[in-house]
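Numbering (my numbering), first residue to last: 3 to 631.
Think of the CB as a built atom: it goes at the ideal place given N, C-alpha and C, for glycine as much as any other residue.
Here is the structure we will look at.
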Amino acid sequence: MTSPTSVIDLASSGVPFALISRTPDTVEVLTGDVVDVALLADIPLFDSSGTPREVLALVPYRQVIERGFTCHDDEAPLRCLVVTGHETLPRDEVIAQLPDAVITLNDPGFDIADDDYAATVRTVIADEIGRGEGANFVIRRDFVAGVDADPATAGLTWFRALLEHERGAYWTFLVSTPGHLAVGASPEAHVSAQDGVVTMNPISGTFRHPAGGATVESLTEFLSSTKETEELFMVVDEELKMMSAVCSDGGRITGPHLKEMSRLTHTEYMLRGHSTLDPREILRETMFAPTVTGSPMQNACAVIARHETEPRGYYSGVAALFTPREVGAASSHDLDAPILIRTAYLAHGTLRVSVGATLVRHSDPYGEVSETHGKAAGVLGAIGAVERDSAPVDEDAPAVQAVPLAEDPEVAALLASRNHRLAPFWLNPQDPHRTGPFRGRTAMVVDAEDRFTTMLAHQLRHLGFDVTIAPWNAVDSDALAATDLVVAGPGPGDPRELTSERIARMREIVGDRLAQRRPLLAVCLSHQILADQLGLELGPLEAPHQGLQKTVDIFGEPASIGFYNTFTARVAPGTTSVGGAEVAADASGAVFALRGPAFASIQGHLESILSRDGVTTLERLARDALAAV
């Protein structure tokens, strides 16, 4: 594929193809055969003789069902382009041959009225966040319009517009397969795996540039904001859960860095760890980014299913390029997978652009409505589907020119100071030859639908335990009885809920262990369940502690710990013991920790990056729980 008209000829031929720009000066042209598969494990990375081959997969949101999560199932195909041809062309050469037509949109508008979307925002804040179902949730709506133009012409026109106006995107792409066309400029990588090194890139914290652009002074004020800092920390925690599930070293944090866009600056971290897993399994365990779903992930999917009226298709999924490696490498394939956002889809004459707003406790309903309008207009303006001059400026577009504000000494110092609040455990390399104090002991972490359990398990292994993780609804009673230490994990929801099978099962596990006086460590939700069984009062906090860092007294020792709770156990102020259990509480009576014969518990998340004293406190509480054995 070397002639200057090859891309046009390719599009008119009707064969499946993809155009991908991952560097400023080139466009990769992929051709091949389309294969739809049911599961990520079925992505055909090898031919019948076992030879590795390159595959580009479009992974729809519905694939979360592989992890047992809920969704509106539209049966969108996990579509694979099995690559038979892959060439790289100069970007300018590709732009020169692409059409620059006017693509008319018919009957454009949102599928959900503004007032209805605002009402949904209010409901999610009151009924989901207000009941402890999670810290944040992304609810989306779709901009739809009819398109009479030939799909190939429309797609190539939009792709040209993105190449000319959206420089700096992580991927700019067009994927054309029978009956379906996707074109977009994703600003954000989800996960990559290269030679056994897995990388994720959590981005959060939003600084809107003032008139005239960002300055050191204005950026300094943003970087000093506790709210913006903690917003980023929450996203890092959520992605570290995923990293701990796929990486033997749990994932190390580097950063923070600045990510500068046209009208915004975000803060970001890089998470890296080592894995020997098949890249398809890495992708499965990291579905999908909390920035487009919410947290905790499993409950976010349930909330999305309750409040979105239509399936998501490919929105918030990923495009995943699997590239063969040399024989003898750590893995058979490298993986590069951007998030499918800022993407337009064209099928059966209908253009669809999905946009979402992240809802938190303080969200303004019509502010979130406005955000969806801005995002949709930004995508449509970027692809040239509406006049760029009349479209609101897309704040998330890549920066036109890089301003090295991060190089300013004051800005660099403020960025570095953020790490002073974080747990050294996740910042520093760990000694792989370290012998933990609990070597020879076993621990079972019971997952109550919050994958903080993967981080807990990693810390317990660091302390020497031989650890298994068991979902709440698949705990083997014999294995439970044979385990030295049961760690009843955190999870969403109201601990007082009587109709929840999950909470009922966690009550049973905690109660049985308590009655048998077998070592038990209870965390967050399970701590509340334990407190209830010891006769303590449970109730909601005046303000949820989502991503809150506090230094609290844990049985005579101060500990800096991260909290993610809406409910708390309470005792009368000044109480230090209840029913044989020692109590650690603040001046208001909110209980932080409990310990007694063969049990200990903690309200906070010792595994969180916010828990500077997490590992040492975990070791202390594990010793307390095991003391009677």
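Skipping 5 residues on each side, what residues in its chain have a beta carbon closer than 7 Å to that of residue i?
i: residue 284; result: 193, 195, 200, 248, 277 and 337
i: residue 153; result: 183 and 348
i: residue 294; result: 140, 318, 341, 343 and 358
i: residue 325; result: 56, 335 and 336
i: residue 392; result: Note on residue 392: pLDDT 47, under 50, position unreliable in the model; no value is reported.
i: residue 555; result: 586
i: residue 257; result: 270, 271 and 272
i: residue 67; result: 73 and 75
i: residue 420; result: 231 and 258
i: residue 237; result: 204, 206, 292 and 293
i: residue 432; result: 251 and 464
i: residue 17; result: 33
i: residue 473; result: 449
If I measure Cβ to Cβ from residue i and keep anything under 6 Å in the same chain, skipping five residues before and after, which residues do I get?
i: residue 23; result: 29 and 174
i: residue 1; result: Examination of residue 1 is not possible in this model, given that the chain is present from 3 through 631 alone.
i: residue 492; result: 452, 454, 525, 526 and 527
i: residue 279; result: 248
i: residue 467; result: 440, 443 and 445
i: residue 377; result: 357
i: residue 71; result: 300 and 303
i: residue 93; result: 27, 28 and 29
i: residue 548; result: 137 and 566
Would you mind working out which of the options sits nearest residue i, comparing C-alpha positions?
i: residue 343; options: 560, 132 and 291; result: 291
i: residue 190; options: 532, 339 and 596; result: 339
i: residue 240; options: 42, 566, 625 and 445; result: 566
i: residue 306; options: 123, 100 and 440; result: 123
i: residue 529; options: 316, 598 and 296; result: 598
i: residue 197; options: 254, 286 and 327; result: 327
i: residue 159; options: 13, 47 and 215; result: 13
i: residue 102; options: 537, 449, 385 and 628; result: 385
i: residue 515; options: 553, 51, 499 and 483; result: 483
i: residue 84; options: 53, 78, 557 and 487; result: 53
i: residue 187; options: 161, 212 and 537; result: 161
i: residue 323; options: 548, 46 and 78; result: 46
i: residue 253; options: 430, 362 and 92; result: 430
i: residue 312; options: 44, 118 and 142; result: 142
i: residue 426; options: 81, 461 and 488; result: 461
i: residue 1; options: 185, 113, 118 and 10; result: Any property of residue 1 remains undetermined from this structure, which presents the chain solely from 3 to 631.
i: residue 113; options: 314, 557, 478 and 38; result: 314
i: residue 456; options: 180, 63 and 246; result: 246
i: residue 118; options: 367, 549, 51 and 485; result: 367
i: residue 242; options: 213, 501 and 289; result: 289
Assuming residue i and residue j form a contact by the criterion Cβ under 8 Å, report the distance between their Cβ atoms to the nearest whole angstrom.
i: residue 407; j: residue 234; result: 17 Å between Cβ atoms; not a contact.
i: residue 608; j: residue 620; result: 5 Å
i: residue 612; j: residue 551; result: 4 Å
i: residue 508; j: residue 471; result: That belief does not hold up - the Cβ atoms of residue 508 and residue 471 are roughly 15 Å apart, past 8 Å.
i: residue 504; j: residue 600; result: Their Cβ separation, rounded to whole angstroms, is 24 Å, which puts residue 504 and residue 600 out of contact at 8 Å.
i: residue 48; j: residue 33; result: Going by Cβ atoms, the distance from residue 48 to residue 33 rounds to 19 Å, so no, they are not a contact pair.
i: residue 353; j: residue 147; result: 5 Å
i: residue 523; j: residue 627; result: 5 Å
i: residue 120; j: residue 371; result: 5 Å
i: residue 374; j: residue 138; result: Contact doesn't hold; Cβ gap of about 16 Å is too wide.
i: residue 107; j: residue 38; result: No, residue 107 and residue 38 are not in contact; Cβ-Cβ is about 29 Å, not under 8 Å.
i: residue 536; j: residue 583; result: 5 Å
i: residue 36; j: residue 179; result: 5 Å
Which residues in the same chain as residue i place their Cβ atom closer than 8 Å to its Cβ, once the five residues preceding and following it in sequence are excluded?
i: residue 125; result: 309
i: residue 134; result: 494, 495, 496, 542, 546, 567, 568 and 569
i: residue 533; result: 540, 571, 593, 596 and 603
i: residue 424; result: 235, 255, 611, 612 and 614
i: residue 404; result: Here the model assigns residue 404 a pLDDT of 49, short of 50, so the residue's position is not dependable, and the following value carries that caveat. 262, listed in sequence order.
i: residue 6; result: Residue placement at residue 6 cannot be trusted, given a pLDDT of 43 that sits under 50; what the coordinates show is reported in the next sentence. For residue 6, where only same-chain residues beyond five positions count, the Cβ hits under 8 Å are 95, 98 and 99.
i: residue 4; result: Here the model assigns residue 4 a pLDDT of 43, short of 50, so the residue's position is not dependable and the matter cannot be decided.
Which residues share a DSSP beta bridge with residue i?
i: residue 341; result: 320
i: residue 592; result: 572
i: residue 201; result: 194 and 274
i: residue 48; result: 54
i: residue 542; result: 569
i: residue 28; result: 25 and 92
i: residue 369; result: Paired residues: none, contrary to the question.
i: residue 144; result: 356
i: residue 525; result: 604
i: residue 206; result: 269
i: residue 138; result: 297
i: residue 584; result: 579 and 597
Should residue i be listed as close to the ligand SAM, given that the test is whether its C-beta is under 7 Å from any heavy atom?
i: residue 381; result: The model on display carries no ligand, and the ligand SAM is accordingly not part of it.
> Using 8 Å as the Cβ pair cut-off and three pairs as the minimum, do the segment 337-353 and the segment 87-99 touch?
Replying inline: No: the two stretches stay apart, fewer than three of their Cβ pairs being nearer than 8 Å.
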